[in-house]
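Asker:
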Amino acid sequence: MAETRAPVHAFELDATLDALPCGFFSFDDDGTVAAANSTLAAMLGYDRAELVGRQVETLLTVAGKIFLQTHLYPMVRLHGKAEELFLLMRRRDGGDVGVLLNAVRRERDGRGFIDCALMEVRERRKYEDALLRARQAADAANAALEERTRALEAANERLEEQAIELELQQHQLQEQTAELEAQSEELHAINDELLERSEELERAKNVAEEANRAKSQFLAVMSHELRTPLNAIGGYAQLIDMGVHGPVTDGQRGALERISRAQRHLLRLINDVLNLARIEAGRLEFTFEDVEVNDLVNSVMPMIEPQMAAARLRSIAAVPAGLTVRADREKVQQILINLLTNAVKFTPAGGTIRVTADSVDQHHVLVSVIDTGIGIPGDKLASVFEPFIQVDASHTRQTEGSGLGLAISRDLARGMGGDLRAQSEPGAGSTFSLLLPRA
Amino acid sequence: MPLDVLARNNVKVAGSGKQPMLFAHGFGCDQNMWRFVAPAFADDYKLVLFDYVGSGKSELSAYDATRYASLEGYARDVLDIIHALDLRDVVFVGHSVSAMVGVIAANREPDRFARLVLIGPSPRYINDPPNYVGGFERSDIEGLLETMDKNYIGWANYLAPAIMKNADRPELGAELTESFCSTDPVIARRFAEATFFSDNRTDLQHVRVPTLVLQCSEDIIAPNTVGEYVHRETPGSTLRVMRATGHCPHMSAPEETVSLIREFLESPVG
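Going down the list, the sequences are from chains F and E. Take 13 as the starting number for the first sequence in our numbering and just add one per residue. Take 36 as the starting number for the second sequence in our numbering and just add one per residue.
This is how it looks when you write it as structure tokens:
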């Protein structure tokens, strides 16, 4: 850039301008200085003649140049004037001079000139610096305050949201609590009702048990009362048969035989009823001991042999040695005799009756009586253990019995901590299994 | 939304032509700076003038410090206006910082632009040694910001009575309407930072619109070397070095400015 250029449009200043205490200069739209007073020249360290023809920018700091191009010149060009602008000018020796400047654009001979009057600001500049710093500090503090306010507002908003949420949750909890209370009341009502029913049931059960005990007692007493006259009938019939009361005719002997047979049947019936009554009355006592199953089976088989032979049946006992149960020996024998007697009764000639025994698990032994008899229909299987039941009424005559044997047997088995179960297939035979606790 | 944009950016439409000519002012002033140039094109073009948000008579309430922290935000103002008026085939005339704003906008939506006229462009004001001379050091810009602060102390005091709607001094209002290029000091400072700390050198190579670079002689803000750099980096651009000096040829030498633009617009494309 040329430091100087021909001051083509320079003009002479009125001498009075030189006498002013403030600086004055004028430049055209191209930025060429056209005139300057000696006050300005002195301020910047130039001869007055040196200023004319220079580019105005050479008299400004870099910041001042930018400000001139972006603010001062456009303002003056568009508005015609600019007032009280602060500008940093540059002295010849490189130092800065802060000036306060008023500018007016004037036309001279058809050309635009910007006339500037300015004064140096020293003290004022200090105050302005302080003012600026104070304002910047205030702005920063304000910004920080705003930032903090925003943060507080955000936090507050969050808190409010949480409060609303909490309130909602509380509402829900209250609703749920009310619901639970209602349910609880309902449950209480149901519970009361159940308790009432339970008490009713308890009472009914007590009544039933009392009635059952009374029945059993009645039966026991009655059985005794019946047995005494029956024994008398049997005894006297026997005495007559023996001829104690004089000679007996063949016709009389036949009649005595019938009386004796009826007496025996009646006595067995009464004995069974008495047994059942005793068990149900809870008066039966058990004597537990370790009993070898093999022994048991061997002890009962001979008792039943004559009947088996008479019915032309084959018997097979397959019991492993060393299998021991904890039970009442006599009661088990009674059960086995009952089961074998039943098997003989319901198995046609030529059939087979097997007795087996095996351990079911660590704690139980199963003793089974298996026949090849007529069997029991599925729908009747469950009721064979009921008292006074015989499956087929038509068998009653040929197979006499009280119908109490299986009921008594199962009660006895249960009394020893075991059970009695039946399996059967009509026409193929039945299996009665006695479950007993292992010794 | 188009009406909002037009009010927001104080958009003025004039002229009897069809092809739009969009004039974008530079930092420190407003659309008034075009008043010596724009009327010359009124017969042949549709003239569209506006103030960036934060400048002139734009709606200061629309100012968003984040959006206008970079020139991208100002380019969005340009595109908003183009969409609001549905301008196509636009001749964009941008002064100083607006030259680069135009480049960014044209790269974003090249189909909307016919030609770019860049007056005193600079893609980067601060030197980037060893290969790039922008003309300034960072400390120079900081000096400018301080000078602006100093002046706005005075301006703020000067404007305060008007802002407070002082009914005792009605002449203030009249004075203000004539007070061109007055700006909110905080916004002006941020605009200065967005302008002088920008670096948009890489945007030049993406320009696909015929471009005229008007370079002033002895321009302190955008020196000759910068104008040459812009011409070299912008594909298919034309560089014209003007007789006019300084940084504001559209104000100091409007006739030369008008004739160079007209010459460019009448030259065949490609």
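We put the CB at the ideal spot given by N, CA and C, even for glycine. In this text the structure is predicted, and so the values were computed from the model without any measurement.
Around the Cβ of Gly213 of chain F, are there at least 16 other Cβ atoms within 10 angstroms (buried) or fewer (exposed)?
Answerer: The sequence given here places Leu at residue 213 of chain F; Gly does not occur at that position. Exposed, since its Cβ has fewer than 16 Cβ neighbours within 10 Å.
Asker: Would you call Phe36 of chain F buried or exposed, if buried means 16 or more other Cβ atoms sit within 10 Å of its Cβ?
Answerer: So Phe36 of chain F counts as buried.
Asker: What residues in the segment 285 to 303 of chain E have a beta carbon less than 8 Å from any beta carbon of chain F?
Answerer: Met286, Ser287 and Ala288
Asker: Might you give, ordered along the chain, the residues of its own chain that have their beta carbon closer than 6 Å to the beta carbon of Tyr80 of chain E, omitting 5 neighbours on each side?
Answerer: Gly50, Gly52, Gln54 and Met56
Asker: Specify whether the segment 439 to 447 of chain F and the segment 356 to 376 of chain F touch according to this definition: at least 3 beta carbon pairs, one from each stretch, less than 8 Å apart.
Answerer: yes
Asker: How would you call Asp42 of chain F, buried or exposed, if buried means at least 16 neighbouring beta carbons within 10 angstroms?
Answerer: buried
Asker: Once you ignore the five residues that flank Ile116 of chain E on each side, which residues in its own chain have a CB closer than 8 Å to its CB?
Answerer: Excluding five sequence positions before and after Ile116 of chain E, the CB atoms of its chain that fall closer than 8 Å to its own CB belong to Val40, Leu41, Asn44, Val46, Leu57, Val83, Phe85 and Leu122, given in chain order.
Asker: Going by DSSP in three states, Val133 of chain F sits in which element: helix, strand or coil?
Answerer: coil
Asker: Nearest-angstrom Cα distance between Val367 of chain F and Pro314 of chain F?
Answerer: In this structure, the CA atom of Val367 of chain F is about 13 Å from the CA atom of Pro314 of chain F.
Asker: Classify Gln54 of chain E as helix, strand or coil using the three-state DSSP reduction.
Answerer: If DSSP states are grouped into helix, strand and coil, Gln54 of chain E belongs with coil.
Asker: For Cys64 of chain E, write down the residues that DSSP places opposite it in a beta bridge.
Answerer: Partner(s): none; Cys64 of chain E has no beta bridge.
Asker: Please identify the residue among F:Leu424, F:Asn224, F:Ile245 and F:Phe98 whose C-alpha is closest to the C-alpha of His277 of chain F.
Answerer: Of the residues F:Leu424, F:Asn224, F:Ile245 and F:Phe98, the one whose Cα lies closest to the Cα of His277 of chain F is F:Ile245.
Asker: Rounding to the nearest angstrom, what Cα-Cα distance links Tyr187 of chain E and Ser252 of chain E in this structure?
Answerer: The alpha-carbon of Tyr187 of chain E is positioned some 30 Å away from that of Ser252 of chain E.
Asker: Have a look at the DSSP bridge pairing and note the partners of Asp431 of chain F.
Answerer: Answer by DSSP bridge pairing, in chain order: F:Leu447.
Asker: I'd like the span of the alpha helix (DSSP H) that includes Asn142 of chain E, first residue to last.
Answerer: Val132 to Arg143
Asker: Does the separation of the CB atoms of Ala149 of chain E and Val113 of chain E fall below 8 Å?
Answerer: no
Asker: Within 8 Å of any Cβ in chain E, is that where the Cβ of Leu144 of chain F sits?
Answerer: yes
Asker: Look at Glu140 of chain F and Asn114 of chain F and say whether their C-beta atoms are less than 8 Å apart.
Answerer: Contact: no.
Asker: For a contact meaning CB atoms closer than 9 Å, what does Lys47 of chain E contact in chain F?
Answerer: Those within 9 Å of Lys47 of chain E in chain F number zero; the least Cβ separation is about 15 Å.
Asker: Use the C-beta contact count for Phe298 of chain F: other C-beta atoms within 10 angstroms, 16 or more gives buried, fewer gives exposed.
Answerer: exposed
Asker: Does the Cβ of Val312 of chain F have 16 or more other Cβ atoms within 10 Å, making it buried, or fewer, making it exposed?
Answerer: buried
Asker: Three-state secondary structure (DSSP) at Gly124 of chain F?
Answerer: Note: Gly124 of chain F maps to strand in three-state DSSP.
Asker: In chain order, what residues of the same chain have a beta carbon less than 7 Å from the beta carbon of Tyr98 of chain E, not counting five sequence neighbours either side?
Answerer: Val88, Gly89 and Ile222
Asker: Suppose only complete runs of 4+ residues qualify. What are the alpha helix (DSSP H) ranges in the segment 267 to 299 of chain E, listed by chain order?
Answerer: 284 to 287
Asker: Return the chain-ordered ranges of every beta strand (DSSP E) run that is complete within the segment 344 to 380 of chain F and spans a minimum of 3 residues.
Answerer: Secondary structure within the segment 344 to 380 of chain F: the beta strand (DSSP E) runs of 3 or more consecutive residues, fully enclosed, are 364 to 371 (chain order).
Asker: Let me make sure I understand the geometry here. Which of F:Glu211, F:Val74 and F:Tyr85 has the alpha-carbon closest to that of Glu181 of chain E?
Answerer: Shortest Cα-Cα distance from Glu181 of chain E to any of F:Glu211, F:Val74 and F:Tyr85 involves F:Val74.
Asker: Apart from the five residues just before and just after Leu238 of chain F, which ones in its own chain have a Cβ nearer than 7 Å to its Cβ?
Answerer: Ile282
Asker: So that I know if they touch, is there some Cβ in chain E lying closer than 8 Å to that of Lys77 of chain F?
Answerer: yes
Asker: If Ser445 of chain F and Ile347 of chain F are in contact, beta carbons under 8 Å, what's the gap, nearest whole angstrom?
Answerer: The pair is not a contact, with the Cβ atoms about 11 Å apart (cut-off 8 Å).
Asker: Could you give the C-beta distance for Ser131 of chain E and Gly155 of chain E, rounded to a whole number, given that I count them as a contact under 8 Å?
Answerer: 5 Å
Asker: In three-state terms, what does DSSP make of Ile161 of chain E?
Answerer: Under the three-state reduction of DSSP output, Ile161 of chain E falls in the strand class.
Asker: Shorter than 8 Å from the beta carbon of Val74 of chain F to some beta carbon of chain E?
Answerer: So yes, Val74 of chain F belongs to the interface.
Asker: Closest to Thr292 of chain E by CA distance: which of E:Ser157, E:Val48 and E:Val128 is it?
Answerer: E:Val128
Asker: Roughly how many angstroms separate the alpha carbons of Glu398 of chain F and Arg215 of chain F, rounded to a whole number?
Answerer: 25 Å
Asker: Quick one: grab the DSSP three-state call for Ser302 of chain E.
Answerer: Under the three-state reduction of DSSP, Ser302 of chain E is assigned to coil, being neither helix nor strand.
Asker: Roughly how many angstroms lie between the CA atoms of His376 of chain F and Pro332 of chain F, to the nearest whole one?
Answerer: 15 Å
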